[in-house]
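Here the protein sequences line up with chains F and Z, keeping their order. The opening residue of the first sequence carries number 1 in my numbering; numbering runs sequentially from there. The opening residue of the second sequence carries number 1 in my numbering; numbering runs sequentially from there. No residue lacks a Cβ here, since even glycine has one placed at the ideal position from N, Cα and C. Note sheet for the following structure.
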Amino acid sequence: MLSYYLQLAQRSLRRSWILSGLMVLAIGLGIGASMTMLTVLHVMNGDPLPGRSAELYRPYLNPLPVDFKHGNFGPDPSINLTWPDAMALLKSHKGVRQAAIAGGSLDARSTAPGGRLQTIDGRYVTRDFFAMFEVPFLHGQAWSQTEDEQRARVVVVTQSLARQLFGDEAAVGQSARLGGHDFRVVGVVADWHPRPLFYADTQERHFSAADNFFLPLSTAADLKLGVHTTSGWGKDDATSLTSPTVSWLQFWVQLQSPAQVAGYQQFLFDYAAEQKSLGRFERPPSNVKLYGLMAWLDHQRLVPGDVQLQAWLALGFLFVSMLNIVALLLAKFLRRGAEISVRRALGARRNDIFVQLGIESALIGVAGGLLGLAVAQIGLWSVRQRPDDYAHLAQMDLSMLLGTFVLAVAASVLAGLLPAWRACRIAPALQLKTL
Amino acid sequence: MEIRPIFASLRKHRIPALLIVLEIALACAVLCNAMFMISQRVAQIRQPNAIDEQGLTVLTLHGANNALASSEIPRNLAALRSIAGVTAAATGSSVPLSGNNWGWSFSTRRDASVNDSGNTTLSLYFLGQDAGKALGLRLLKGRLFSADEYASNHITSGILPQLPVTVVTRTVAANLWPGQDPLGKVLYASPQAYTVVGVVDDVLRPYANSVNLERGYYAMFFPLQPSAYLSYYLIRSTPADRDRVIRQAQQVMDKLNPVAVVEARSFNQIRNEYYADVSSMVWMLVLVCVVMLGVTAVGIVGLSSFWVAQRRRQIGIRRAIGATRGDITRYFQTENFLLTSLGIVLGMALAFGINAYLMQHYEMKRLAWYYLPIGAIALWLLGQVAVFGPARRAAAVPPVVATRAA
Chain F
1 MLSYYLQLAQ RSLRRSWILS GLMVLAIGLG IGASMTMLTV LHVMNGDPLP GRSAELYRPY
61 LNPLPVDFKH GNFGPDPSIN LTWPDAMALL KSHKGVRQAA IAGGSLDARS TAPGGRLQTI
121 DGRYVTRDFF AMFEVPFLHG QAWSQTEDEQ RARVVVVTQS LARQLFGDEA AVGQSARLGG
181 HDFRVVGVVA DWHPRPLFYA DTQERHFSAA DNFFLPLSTA ADLKLGVHTT SGWGKDDATS
241 LTSPTVSWLQ FWVQLQSPAQ VAGYQQFLFD YAAEQKSLGR FERPPSNVKL YGLMAWLDHQ
301 RLVPGDVQLQ AWLALGFLFV SMLNIVALLL AKFLRRGAEI SVRRALGARR NDIFVQLGIE
361 SALIGVAGGL LGLAVAQIGL WSVRQRPDDY AHLAQMDLSM LLGTFVLAVA ASVLAGLLPA
421 WRACRIAPAL QLKTL
Chain Z
1 MEIRPIFASL RKHRIPALLI VLEIALACAV LCNAMFMISQ RVAQIRQPNA IDEQGLTVLT
61 LHGANNALAS SEIPRNLAAL RSIAGVTAAA TGSSVPLSGN NWGWSFSTRR DASVNDSGNT
121 TLSLYFLGQD AGKALGLRLL KGRLFSADEY ASNHITSGIL PQLPVTVVTR TVAANLWPGQ
181 DPLGKVLYAS PQAYTVVGVV DDVLRPYANS VNLERGYYAM FFPLQPSAYL SYYLIRSTPA
241 DRDRVIRQAQ QVMDKLNPVA VVEARSFNQI RNEYYADVSS MVWMLVLVCV VMLGVTAVGI
301 VGLSSFWVAQ RRRQIGIRRA IGATRGDITR YFQTENFLLT SLGIVLGMAL AFGINAYLMQ
361 HYEMKRLAWY YLPIGAIALW LLGQVAVFGP ARRAAAVPPV VATRAA
C-alpha cells in the first residue's frame with residue numbers, strides 16, 4: 001500500500017511540478033536558514049569538556065564594597081577572584097583538585113632563520129590545571145608541586161608552539177624564551193583548545209582564543225608578567241596584582257559527589273563569613289555561589305545577542321515558510337477533489353486518503369530537507385567567511401545533519417495535516433456529479 | 001467597486017483566507033523588526049567621526065623596548081616626516097575604533113567619589129605633539145595644547161595625567177554643561193581635576209556604543225610627553241598619497257626598529273575591521289528579508305491561482321452577464337488588498353510585540369513608528385504584484401464557460 005501511495009504522490013507532484021517546486025523551494029529555504037543559525041547556536045552552546053564538565057565548579061565570592069556601582073561598560077569586577085582569596089581557596093585543598101588561572105600574552109621569536117617576533121597567548125596556572133582538565137600530554141609532564149611553590153622557571157607548551165620554537169627537535173628540556181625570560185620546557189601537550197574556552201576571563205574571545213603555553217602562576221606573579229584583564233575598586237592607587245581590591249584570577253575546582261559539592265558550598269560560606277568578620281568583605285556571606293561548568297557558561301552569556309537574534313529571525317522565517325506550505329498544499333489537495341472522490345467512491349476510507357496525502361507532504365518534506373541541507377551548507381560556509389569570534393566553528397555535525405532532515409519532514413507533515421484533513425472530508429457525491 | 005460579494009466568497013473559504021492573512025501578518029512583523037535592526041546598524045556604521053579618516057595612516061610598533069620610547073619616538077617621527085607627501089606625523093595612545101580603550105569615570109562635582117552614580121565614563125586619548133594636526137581634529141572652541149604642555153605632562157600614579165588641562169568633544173561639552181560655555185569648566189577624578197581648555201568636533205571612542213550612539217562620542221584628550229603610552233604613530237597625507245605612504249612608512253620603520261614588528265594600516269582598514277561583524281549582520285538581515293518576501297509572494301500566487309481555478313465557472317457566469325475583463329481583474333486585486341490590509345493590521349500588533357520582547361532581552365530600542373507604513377506599503381505592493389498574474393488569468397476566462405455543463 002505504501003509503495004502505491006508513494007507512486008501516487010510522485011505522479012501528483014510531477015503533474016503540478018511548478019507548484020511542487022515552489023513548495024520544495026519554500027521549505028528548503030526555511031529549513032536551510034534556520035538550520036544555519038541553529039547549528040551556530042548548537043556549536044556555541046556545546047560542552048567544552050565532555051565527560052569531565054559535570055565535575056567542574058567555579059566558586060564566586062563578592063568582595064566588592066556595598067556602595068560599589070557597576071557601570072554599564074566593562075565587566076563586573078566580582079566575576080574574578082583577588083589574589084588573597086584565590087590563594088586561600090587554593091591552600092585549603094577542599095576540592096579534589098583546584099587551580100587558579102590567569103591569561104597573558106608573551107612575545108616569542110621562532111628559532112628558524114629570519115623568525116619574526118610573535119605574540120603568543122597562554123595561561124598562568126597552578127599545577128592541578130592539567131590533571132583537572134585532562135590536558136593531553138604528548139611528552140614530559142606537568143610541573144611538580146614544589147616547582148609551583150618555588151616559582152620555578154618552567155613552561156608547558158603546545159605541540160604547535162614547540163614546533164615553532166624548536167622545529168623538529170624534542171622540546172622537553174630545552175629553554176624557551178618568552179617575554180624576555182628563559183623557561184625550561186617540562187612538557188608538551190597536544191593543541192588543546194576547549195570550545196568555548198570556559199576557563200578564560202569573560203572578556204576574552206571564547207571561541208577563537210587559543211592558549212599555546214602554560215606557566216606556573218607563582219612564576220608569572222614573581223616576574224610581574226602582564227595579565228589580560230584586571231579590575232580594581234580600591235580608593236587608593238591599587239594596581240598591584242596581589243592587592244585585595246584587584247580581581248583578575250579565574251578559579252576552578254573539581255568535586256566528584258553531591259556531598260563534596262555541599263561541603264564546598266559550606267566552606268565558601270564560612271570563608272566569606274570569616275572575611276566579613278575580619279572586615280574585608282562588606283557583603284553578607286550568602287552572596288557566595290558555586291556554579292557548575294555549564295551553568296557558569298550559561299551565566300556568562302557567551303552567545304552574542306546578534307547570534308540569538310539571527311536564530312529567532314530564522315525560526316520566524318521557517319514559520320512563514322510553513323504557513324506557505326499549508327496554503328499551497330491546501331490549494332493542491334482541494335483542487336484534486338474529483339480524484340479523491342473517485343477513490344472514496346471506489347472504497348477508500350477517509351483514513352486511506354489521509355495517509356495518502358500525508359505521504360505526499362512527507363515526500364515534499366524529504367525533497368525540501370535535501371534542498372535545506374544544501375542551503376544550510378552554503379549558509380554555514382558564508383558564516384565561516386565572517387570575521388566573528390565563533391565563525392570558524394560553524395560546521396554541521398551528524399546530529400545537526402539528521403536534525404535537518406527530521407525538522408524538514410516534521411515541518412512539512414505538520415503543514416500537511418490541515419490540508420489533508422480538509423481534503424479527506426470532501427463529500428464524494430457532490431464532486432462526482434460535477435465530473 | 002462593490003466589496004460585499006468579496007466578503008461573501010471569503011466567508012466560504014475561511015481557511016485559505018486566514019492562511020494568507022497570517023502569512024502577511026508574520027511577514028509584516030518580521031520585516032518591520034528586521035528593517036529597524038538594519039537601519040540601527042547602518043546608522044552605527046555611518047556614525048560620523050571628525051578626524052581625517054581618508055588621509056590617516058596608523059602605524060604600531062610591537063616588541064620595541066619601552067624604556068627607550070622617549071628617545072625613539074622623536075627619531076621615528078623625524079624619519080616618518082621625511083617621507084614625501086606626509087603632512088603631519090605624531091603619536092597617540094589609541095585611535096578611534098581600535099578597541100584599545102582607556103576609560104575613567106569623571107564628575108562635574110569636586111566631592112564625587114569614583115563610584116558616584118552621577119559620574120560619566122569617558123575614554124581618554126593621550127596625544128603627542130602635533131597629534132591634533134595628524135588626526136585632523138576640528139577645534140570648535142578654545143585651544144589645543146601648548147608645546148610646553150606636551151613636553152611636560154606625564155602620567156601620575158599609573159592612571160591619570162598630572163597637568164590639569166583637557167580638551168573634550170562637542171557631545172561631552174553639550175551633555176555635561178548644557179547651554180553653558182564649557183571653557184574653564186572642570187572635570188574631577190579625585191584627587192585630580194582637569195580644566196576644559198578646548199572643544200573639538202565629535203570623535204568616536206576606541207569602542208563605539210552600539211545602542212546609544214551619542215555615548216560613542218564620550219572622549220577626552222590630554223597632552224603627553226613622549227613615552228611608551230604613546231604606542232600609535234599617526235601619519236597624515238592626502239588620500240591620493242596614502243597607500244604609497246603606508247608602504248614607505250613600513251619600510252622606514254622596519255629599518256629603524258629591527259627587533260620590533262611594525263604594522264602600518266590605513267584608518268579605513270581599522271574602521272572596516274571594527275564594523276566587519278556589524279555589516280555582515282546587515283547583509284544577513286537583508287538576505288532574510290528578501291527571501292522571506294519572495295516566499296510570501298509564492299504563497300499568494302499559489303493560493304490565488306487555486307481560487308481562480310476553483311471559480312472558473314463563477315467568473316464565466318459574471319463575464320456572461322456583462323462583467324468586463326477589468327471588473328474580474330479588479331475583483332481579485334481588491335480581494336488581495338483586503339486580505340493584505342487585515343494581515344498588516346495584525347502584523348503591526350505582532351511587530352510591536354516582538355519588539356517589546358527583543359527590547360527586554362537584547363540591546364534594542366523601541367521600534368520607530370515609521371517602519372510600520374513602510375512595511376505596509378511594501379506588503380501591499382508585494383500582494384498586488386503577486387496577484388496580478390492569477391487575476392489576469394481569471395480575466396482571460398471566456399464567458400462561454402458559463403454555458404458548459406456544471
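Spatial neighbours of residue i within its chain, please: CB distance less than 7 angstroms, with the 5 preceding and 5 following residues excluded, ordered by chain position.
i                        : result
alanine 406 of chain Z   : Unreliable placement is indicated for alanine 406 of chain Z, whose pLDDT of 49 sits below 50; the coordinate value is still reported in the next sentence. Cβ neighbours of alanine 406 of chain Z beyond the five flanking positions: Arg313.
glutamine 445 of chain F : For chain F, the structure presents residues 1 to 435; residue 445 of chain F sits outside this window and is missing.
aspartate 241 of chain Z : Gly85
leucine 119 of chain Z   : Note that residue 119 of chain Z corresponds to asparagine in the displayed sequence, not to leucine. For asparagine 119 of chain Z, where only same-chain residues beyond five positions count, the Cβ hits under 7 angstroms are Ser105, Phe106, Ser107, Ala112.
serine 123 of chain Z    : Asn101, Trp102, Gly103, Arg205, Pro206, Tyr218, Ala219
Is the Cβ-Cβ distance between residue i and residue j less than 9 angstroms?
i                            : j                        : result
glycine 63 of chain Z        : alanine 26 of chain F    : no
leucine 49 of chain F        : serine 247 of chain F    : no
phenylalanine 269 of chain F : arginine 58 of chain F   : no
phenylalanine 222 of chain Z : proline 178 of chain Z   : no
alanine 367 of chain F       : threonine 404 of chain F : no
alanine 134 of chain Z       : isoleucine 45 of chain Z : no
leucine 418 of chain F       : leucine 330 of chain F   : yes
methionine 281 of chain Z    : aspartate 306 of chain F : yes
How far does the alpha helix (DSSP H) with residue i in it reach, from first residue to last?
i                            : result
glutamine 174 of chain F     : No alpha helix (DSSP H) holds glutamine 174 of chain F; DSSP gives it neither H nor E.
serine 71 of chain Z         : 69 to 81
valine 385 of chain Z        : 371 to 395
phenylalanine 306 of chain Z : 276 to 310
glycine 403 of chain F       : 398 to 424
glycine 184 of chain Z       : Where glycine 184 of chain Z is concerned, there is no enclosing alpha helix (DSSP H), given that its DSSP letter is neither H nor E.
histidine 13 of chain Z      : Premise fails: histidine 13 of chain Z is in no alpha helix (DSSP H) and is neither H nor E.
Which first and last residues belong to the beta strand (DSSP E) in which residue i is found?
i                        : result
threonine 158 of chain F : 154 to 158
aspartate 107 of chain F : 97 to 109
methionine 37 of chain F : Careful: methionine 37 of chain F lies outside any beta strand (DSSP E), inside the alpha helix (DSSP H) at 17 to 44.
histidine 139 of chain F : 137 to 140
alanine 264 of chain Z   : 261 to 266
tyrosine 331 of chain Z  : Counting along the chain, tyrosine 331 of chain Z falls outside any beta strand (DSSP E), though it belongs to the alpha helix (DSSP H) covering 325 to 361.
Look at the alpha carbon of residue i and the alpha carbon of residue j, and state the distance between them as a whole number of angstroms.
i                         : j                            : result
tyrosine 4 of chain F     : valine 355 of chain F        : 11 angstroms
alanine 138 of chain F    : serine 160 of chain F        : Looking at the sequence provided, one finds leucine at residue 138 of chain F rather than alanine. Going from the Cα of leucine 138 of chain F to the Cα of serine 160 of chain F covers about 12 angstroms.
glycine 103 of chain F    : glycine 128 of chain Z       : 31 angstroms
leucine 414 of chain F    : serine 16 of chain F         : 21 angstroms
glycine 416 of chain F    : valine 135 of chain F        : 51 angstroms
asparagine 336 of chain Z : phenylalanine 306 of chain Z : 14 angstroms
glycine 179 of chain F    : aspartate 211 of chain F     : 15 angstroms
threonine 340 of chain Z  : tryptophan 380 of chain Z    : 6 angstroms
aspartate 130 of chain Z  : leucine 29 of chain F        : 56 angstroms
isoleucine 6 of chain Z   : phenylalanine 317 of chain F : 30 angstroms
alanine 295 of chain F    : valine 288 of chain F        : 15 angstroms
tryptophan 143 of chain F : valine 227 of chain F        : 21 angstroms
alanine 200 of chain F    : leucine 38 of chain F        : 25 angstroms
leucine 19 of chain Z     : alanine 173 of chain Z       : 55 angstroms
leucine 303 of chain Z    : serine 34 of chain F         : 25 angstroms
alanine 99 of chain F     : alanine 162 of chain F       : 24 angstroms
Between residue i and the rest of its own chain, which residues show a CB-CB distance below 8 angstroms, the 5 nearest in sequence each way excluded?
i                       : result
valine 291 of chain Z   : none
glycine 347 of chain F  : none
arginine 153 of chain F : His181, Asp182, Phe183, Arg184, Thr219
Short of 6 angstroms in beta carbon distance, which residues of its chain neighbour residue i, apart from the five on each side in sequence? Order them along the chain.
i                      : result
leucine 346 of chain Z : Ala25
serine 78 of chain F   : Asn62, Leu64
alanine 429 of chain F : none
Positions along the stretch 25 to 40 of chain F whose CB lies within less than 8 angstroms of some CB in chain Z: Leu25, Ala26, Leu29, Gly30, Ala33
Residues in the stretch 306 to 326 of chain F having any Cβ partner in chain Z nearer than 9 angstroms: Asp306, Gln308, Leu309, Gln310, Trp312, Leu313, Ala314, Gly316, Phe317, Phe319, Val320, Ser321, Leu323, Asn324, Ile325, Val326
Where the stretch 361 to 373 of chain Z meets chain F: residues whose CB sits under 9 angstroms from a CB there: His361, Tyr362, Glu363, Met364
The stretch 378 to 392 of chain F: positions lying closer than 8 angstroms to chain Z by Cβ: Arg386, Pro387, Asp388
Residues within the stretch 76 to 110 of chain F neighbouring chain Z, beta-carbon criterion of under 7 angstroms: Asp107
Residues of the stretch 14 to 46 of chain Z whose Cβ lies closer than 9 angstroms to any Cβ of chain F, in chain order: Ile15, Pro16, Leu19, Ile20, Leu22, Glu23, Leu26, Ala27, Ala29, Val30, Asn33, Ala34, Met37
Cβ-based contacts, 8 angstroms cut-off: residues of the stretch 263 to 285 of chain Z near chain F: Glu273, Ala276, Asp277, Ser280, Met281, Met284, Leu285
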